[in-house]
Structures are given as C-alpha cells and as structure tokens.
Amino acid sequence: MRFEFLSSTPASPTEGSGTWVAIDGLVRGLERLGHAVTCRRLGFRTGFHTLDRWLYNARVVAAPPAADVVVGVDLDGFLWANPWIRRRSASAGPPALDGRATNPRGHQPRFVVALKGIIADELKNERGVVRALLGVQAGWERLNTARADRVVVPSRYSAS
C-alpha cells in the first residue's frame, strides 16, 4: 500500500517540536511492514508561517498525492480534501511508483487526519496577532477533520 504524509511543520525536532519525530517513527514502522511511504515536506518558506502553510496546501492541490492513503498531519490537506478536488484528482490518476495509474477505477485515496496538537487549544494561551493567526489555522484544521475519512488523535483529551 502507498502512503503519503502531508505536513507543513518544519522537518526538524527543534523547529517542528515532536510532530516530525512522531511522523518519522510512523513512517519507519510502515516501511518495515512493506508499505511505500512518501513524506511531502514544507519546502519554500516565506518567514510567515500561516502563509507558508496555506501555500504548502495550495501546492498539494496543484500536484495531488499519488497514494492509496493520504495522511494529513494537523491542518495539512485541508484544501485538497475538498470533495470536489479529491474526485477530480482521483480521475486524473497521477502515476504510481510502479508506473501504473494511481486510481485505475477512479477511486479516491483514503484521507486520514492525524492530529498531533489541537490548534484551537494552543491559541487559548496566545494574544494579539499570534492568536488571530492561530485562529485562522484552527479553522483550517477543523475543516480538515470534517473532510477526513478518519481522524486519529493521540489522547482522549484530544478526541473531545
């Protein structure tokens, strides 16, 4: 099975807290089980993290994932997860790792959201512009979870 992880969190433990550590562990476990795993990392950075996250997600729409299961971490995947966009990208059938069409019968990849932190919770401790920007990101995260086929959370607290 082919997995693609989407995360606009910086790919280092120091910049992205524990998110990338958790993703790395999951990726290694899936690979040991024989699955093909791709991680789409945050590339270009503007210095304005909320804009970086939106641009990252716009690039996911422009180049849809070629996987059986797409795992969006936190808010990532929220633009692509729009049902109309997912249907369109499934019928386009980008090439798979082995050269075959990704979705030969037009099936959409399954979309799983893995929440590592709840942004709406994080913004409670912030003020001013930071709080407002986290509020925007929390809205994207809420939209992402509503569009997902499945949501995975790290704790009962996060599930509530």
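In the numbering used here, the protein residues as written are 930 to 1089.
Using N, Cα and C, we set each Cβ at its ideal position, and we do this for glycine too.
Beta-carbon gap between residue i and residue j smaller than 9 Å
i	j	result
V999	P1038	yes
F934	L955	yes
Close-in-space but distant-in-sequence residues of the same chain around residue i (CB under 7 Å, 5 per side omitted)
i	result
L1062	T979
W1069	L1004, F1007
G1064	L1052
R1029	In this prediction, R1029 has a pLDDT of 41, which is less than 50 and means its spatial position is unreliable; what the coordinates show is noted afterwards. Contacts found: none.
N1073	G1001, L1004, G1006, F1007, A1010, V1042
A951	K1045
V1101	A query on residue 1101 cannot be resolved here, the shown segment of the chain reaching from 930 to 1089 and no further.
Sequence-distant residues of the same chain with beta carbon closer than 6 Å to residue i, five excluded per side
i	result
A940	W949, R970
A1049	A1067
T975	D981
C968	F934
Start and end residues, beta strand (DSSP E) containing residue i
i	result
E905	Examination of residue 905 is not possible in this model, given that the chain is present from 930 through 1089 alone.
T967	965 to 969
V1082	Unbroken run through V1082: none, as it is neither H nor E.
R1039	1039 to 1043
Limits of the alpha helix (DSSP H) - the one that residue i falls within
i	result
V1065	1057 to 1076
R961	948 to 961
V998	Premise fails: V998 lies in the beta strand (DSSP E), 998 to 1002, not in any alpha helix (DSSP H).
A1049	1048 to 1051
Residue from the options with nearest C-alpha to residue i
i	options	result
F1040	R974, G972, A1075	A1075
F973	G1046, K1045, N1073, S937	S937
A1077	S1089, G1057, V1059, L1044	L1044
Environment of residue i [buried if 16+ CB atoms lie within 10 Å]
i	result
A1106	The structure shown does not extend to residue 1106, since the chain is modelled only from 930 to 1089, so the question has no answer here.
V1042	buried
N1054	exposed
W1013	exposed
P942	exposed
Y1086	exposed
R1034	Note that R1034 scores a pLDDT of 45, beneath 50, so its modelled location is shaky and nothing firm can be said.
Residue i beta carbon near the ligand ADP (any heavy atom closer than 8 Å)
i	result
V1059	By its list of ligands, the structure shown contains no ligand whatsoever, and the ligand ADP lies outside what it can speak to.
Sequence-distant residues of the same chain with beta carbon closer than 8 Å to residue i, five excluded per side
i	result
L984	F973, T975
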